[in-house]
Structures are given as C-alpha cells and as structure tokens.
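Novice: Per my numbering, the very first residue in the sequence shown carries number 436; after that it's consecutive. Let me give you the structure first, and then I'll get to my questions.
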Amino acid sequence: MSQPLWVGVDVGGTKVLAGVVDADGRVRRTARRATPGRRVDVRRVEDAIAQAVAEVAAGEPLAGVGLAAAGFVDADRARVRFAPHLPWRGEDVRARMTDRLGVEVKLENDANAAAWAEHRFGAGRGVDDLLMITMGTGIGGGIVSDGRLTRGRNGMAGEFGHMMVVPDGQPCDCGGRGCWEQYASGGALVRAAQHRFGQQPSLLEDLCHGDPALISGPMVTAAAEEGDLLAREAFAEVGRWLGVGLANVVAALDPACVVVGGGVSAAGNRLLDPARTALEHSLVAAGHRELPPVVAAALGPEAGLIGAVDLARP
Ligand SMILES: [Zn+2]
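Below, the structure is given as structure tokens:
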C-alpha cells in the first residue's frame with residue numbers, strides 16, 4: 436500500500452498546474468490545465484483544478500491538497516476576496532474545494548506560497564528573513580520574517596508591485612499611476628524594447644516581423660541572449676527599476692536575502708546586475724550595512740505548488 440499523496444495546485448491567470456510533492460519539496464510529477472478565464476462561472480475553474488488533481492493523483496489516495504491562488508486570499512485563508520485574472524469574488528474556495536475533492540484543502544496566496552518554498556527548499560533555504568519578488572506580467576511579493584510568512588491584517592501584505600515609484604507616472608491596471616510593476620515586470624520589459632524600436636538596428640525586427648506591437652518578453656530575452664544591444668538595454672533599464680524599488684522595500688524590511696523569481700528572472704544576471712547596482716546606489720546607509728544578496732529563484736514555476744503543499748502539511 437503506497438503512502439497517500441500530497442498534491443499542490445498553482446492556480447494562475449493562464450494555467451492550473453498540479454504536482455505531487457514529496458516531504459523534501461521535490462515534485463514527482465505534474466499535470467496542467469488551461470485557466471478557463473476570469474469572466475466564466477467559478478465552477479469551470481474548480482473543474483479545471485479537480486481534473487488536474489485527478490490526473491496527477493492517477494488513482495492513488497490523497498493525504499491533502501495545498502492550493503496557491505493568484506489573488507487576494509483573506510486572513511483566515513478560506514476565501515479568495517478578489518483575483519484580477521480569475522472569476523473568484525469572495526468565494527469560500529477552501530470549503531468548496533475541500534467538498535469537491537473529498538480531502539482537506541489549504542489555501543494560500545501564490546506569491547506567499549512561492550516565497551515559502553524558496554525559504555524552505557530553494558534559493559533562500561535556511562534564511563529566516565527573506566523577501567521574494569516575482570516578476571511576471573506584474574510584480575508579486577512575499578515576506579518571510581523570523582521564519583514565518585507575514586500576511587498582514589487583510590492577508591494582503593507584500594503587494595509591492597503597486598508601490599508608487601514615479602509620481603504621475605505610467606497608468607496601472609489598479610487605477611493608480613507610477614506603480615513599480617509598470618517599470619519592472621515582463622510588461623515593462625516589452626515597453627522598454629518597443630520604446631527603443633526603430634532607433635537602432637535590432638534582431639527584434641525579424642523576430643516581430645517588423646511590428647513592434649508583436650514584441651513579447653521571451654523575444655526580448657532571446658535577442659539579448661544573441662547579444663542584441665537594444666534588448667540588452669531594455670533589460671538594463673528594467674533591472675535598474677527593479678533595484679530602485681528594492682531599495683524602498685529593503686529600507687522597510689531589512690531582509691537577509693532577496694530572491695527574484697518569475698518569467699523575467701530567467702535572464703539571470705542580465706537583470707540582476709543592474710538591480711544590485713541600483714539597490715546599492717539608492718538604499719539608505721548602503722555603506723554602513725550589510726546589503727542583502729539579490730539572487731535568482733531556484734524552484735521555477737513549481738515554487739507556488741511546492742510552498743502550498745508545505746504550508747498544508749500538519
Ligand atoms: Zn498599480
């Protein structure tokens with residue numbers, strides 16, 4: 436008789452990723468479904484989760500499920516109050532999915548779950564004061580302080596992406612202007628490349644077939660890998676803004692380590708070197724303190740489901 440399985444599920448804006456996770460944080464196998472969208476009945480998202488869990492469990496019994504959701508999870512970790520890319524609006528997701536899957540489900544915000552995974556098993560292993568920044572379409576954040584997640588009164592701590600870094604700056608989806616994620620994210624990287632497009636020769640001309648509106652983050656990454664100057668300047672600009680925002684967060688929290696994850700972080704030091712330089716230039720008392728190392732995340736896109744399982748285990 437095999438041990439019952441612990442399954443983690445990361446519910447994001449584009450995909451639902453489920454995985455069987457060992458006690459040491461290793462992912463044994465995964466299954467995925469497309470996220471049905473944000474204007475659909477909530478049951479369709481729950482169907483996708485249930486299907487991914489069933490596929491990955493492959494008929495073996497479940498011990499429990501950890502659910503990482505890309506949205507605002509309340510302080511009791513029962514409901515998703517709001518999710519920009521998912522249909523949940525105050526639903527009791529924990530109870531609904533526990534009922535649906537017939538096994539106890541624990542809920543966590545996806546950025547918190549990823550931060551927890553990097554603290555337990557990844558780039559910040561053994562570090563009790565850790566800050567994680569996830570750079571995707573926007574910026575997500577998680578705080579581990581004294582070896583515990585900091586969730587805040589409403590469960591909304593760590594929403595660093597909407598700190599204002601430029602007064603009256605770029606408009607943001609949140610309704611504000613000049614938010615950090617408008618300058619340091621996958622979207623910002625694309626805008627930085629589009630802004631330079633046509634002013635200098637670039638491999639991007641071929642990659643986007645001459646139409647800058649078609650430029651994507653992976654295109655800029657690929658061009659930078661090939662030594663393209665325009666793409667490298669775009670990374671340097673976004674990296675600088677990453678460091679400027681980090682100086683604010685590090686001034687507030689004084690972490691021992693900053694872990695940077697998400698799709699954009701695949702560029703590694705091309706992004707992180709300018710961030711480290713900008714952090715050192717912008718941080719208060721930089722010459723009189725130990726600067727936190729700024730390191731790339733280690734667990735990749737599975738961090739959320741790994742963290743969700745570890746938080747769900749008794
Ligand atoms: Zn914003």
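The C-beta atom is built at its ideal place from N, Cα and C for all residues, glycine as well.
(1) Can you find the residues in the same chain that come closer than 6 Å, C-beta to C-beta, to residue 490, ignoring five residues on each side of it along the sequence?
(2) Tell me whether residue 507 sits in a helix, a strand or coil according to DSSP, three-state version.
(3) Give me the DSSP bridge partner(s) of residue 599.
(4) In angstroms, rounded to a whole number, what distance separates the CA positions of residue 442 and residue 494?
(5) Counting only the same chain and skipping the five closest in sequence on each side, list residues whose C-beta sits under 7 Å from that of residue 580.
(6) Report yes if the CB atom of residue 746 is closer than 8 Å to the CB atom of residue 452, and no otherwise.
(7) By a C-beta neighbour count over all protein chains shown, 10 Å radius and 16 as the cutoff for buried, is residue 387 buried or exposed?
(8) Going by C-alpha distance, which of 678, 718 and 558 is nearest residue 734?
(9) Exposed or buried, residue 675, counting other C-beta atoms within 10 Å across all chains shown (16 or more means buried)?
(10) What residue from 550, 553, 548 and 484 has the CA that sits closest to residue 534's CA?
(11) Since residue 678 and residue 637 are thought to touch, with beta carbons under 8 Å apart, how far apart are those beta carbons, to the nearest angstrom?
(12) What is the rounded straight-line gap between the Cα of residue 629 and the Cα of residue 510?
(13) Tell me residue 569's beta-bridge partners as DSSP assigns them.
(14) Residue 544 lies in the beta strand (DSSP E); which residues open and close that run?
(15) Kindly indicate which three-state DSSP category residue 594 falls into: helix, strand or coil?
(16) Can you give the Cα-Cα distance for residue 705 and residue 529, rounded to whole angstroms?
(17) Is residue 611 a contact residue of ligand 1, with contact defined as CB to any heavy atom under 7 Å?
(18) Have a look at residue 743 and residue 720 and give me their C-alpha separation to the nearest angstrom.
(19) Return yes when the C-beta of residue 520 is under 7 Å from any heavy atom of ligand 1, and no when it is not.
(20) Should residue 556 be labelled buried (16 or more other beta-carbon atoms within 10 Å of its own) or exposed?
(21) Assign residue 634 to buried or exposed, taking buried as 16 or more other Cβ atoms, counted over all protein chains shown, within 10 Å of its Cβ.
Specialist: In this structure, then:
(1) On the sequence shown, residue 490 is found 55 positions in, with the first residue counted as 1. Once the five neighbours on either side are set aside, the close Cβ partners of residue 490 are 466.
(2) By one-based count along the sequence shown, residue 507 stands at place 72. Here residue 507 sits in strand by DSSP.
(3) Against the sequence shown, residue 599 aligns to sequence position 164. Partner(s): 614.
(4) Within the sequence shown, numbered from 1, the residue matching residue 442 stands at position 7. Within the sequence shown, numbered from 1, the residue matching residue 494 stands at position 59. Between the alpha carbons of residue 442 and residue 494 lies a distance of about 13 Å.
(5) Translated into the one-based positions of the sequence shown, residue 580 becomes position 145. Result list for residue 580: 564, in chain order.
(6) Here residue 746 refers to the residue found at position 311 of the sequence shown. Here residue 452 refers to the residue found at position 17 of the sequence shown. No, they are not a contact pair.
(7) This structure cannot settle anything about residue 387, because the visible part of the chain is limited to 436 through 749.
(8) As a working mapping, residue 734 is identified with position 299 in the sequence shown. Ranking the options by Cα distance to residue 734, first place goes to 558.
(9) One-based indexing of the sequence shown puts residue 675 at position 240. Classification of residue 675: buried, given that the 10 Å Cβ count is 16 or more.
(10) Here residue 534 refers to the residue found at position 99 when the sequence shown is read from its first residue. Comparing Cα-Cα distances from residue 534 to each of 550, 553, 548 and 484, the minimum goes to 484.
(11) The residue you call residue 678 lines up with position 243 of the sequence shown. The residue you call residue 637 lines up with position 202 of the sequence shown. So it is not a contact: roughly 24 Å between Cβ atoms.
(12) By 1-based counting over the sequence shown, the position of residue 629 is 194. By 1-based counting over the sequence shown, the position of residue 510 is 75. Our two residues, residue 629 and residue 510, have alpha carbons roughly 40 Å apart in a direct line.
(13) Sequence index remark: in the sequence shown, residue 569 carries index 134 (1-based). The partner list for residue 569 (beta bridge, DSSP) reads 575 and 696.
(14) Here residue 544 refers to the residue found at position 109 when the sequence shown is read from its first residue. Counted as a single uninterrupted DSSP element, the beta strand (DSSP E) harbouring residue 544 occupies residues 540-544.
(15) As a first step, residue 594 is located in the sequence shown; it is residue number 159 there, counting from the start. In this structure, residue 594 counts as coil in the three-state DSSP scheme.
(16) Numbered from its first residue, the sequence shown carries residue 705 at position 270. Numbered from its first residue, the sequence shown carries residue 529 at position 94. Taken atom to atom, the span from the alpha-carbon of residue 705 to that of residue 529 is near 40 Å.
(17) Counted from its first residue, the sequence shown places residue 611 at position 176. At least one heavy atom of ligand 1 lies less than 7 Å from the C-beta of residue 611.
(18) Stepping through the sequence shown from its first residue, residue 743 is reached at position 308. Stepping through the sequence shown from its first residue, residue 720 is reached at position 285. Those two C-alpha atoms are separated by around 36 Å.
(19) The residue given as residue 520 occupies position 85 in the sequence shown. Placement of the Cβ of residue 520 at a distance of 7 Å or more from every heavy atom of ligand 1 is found.
(20) Here the question's residue 556 lines up with position 121 in the sequence shown. Burial call: buried.
(21) Against the sequence shown, residue 634 aligns to sequence position 199. Exposed.
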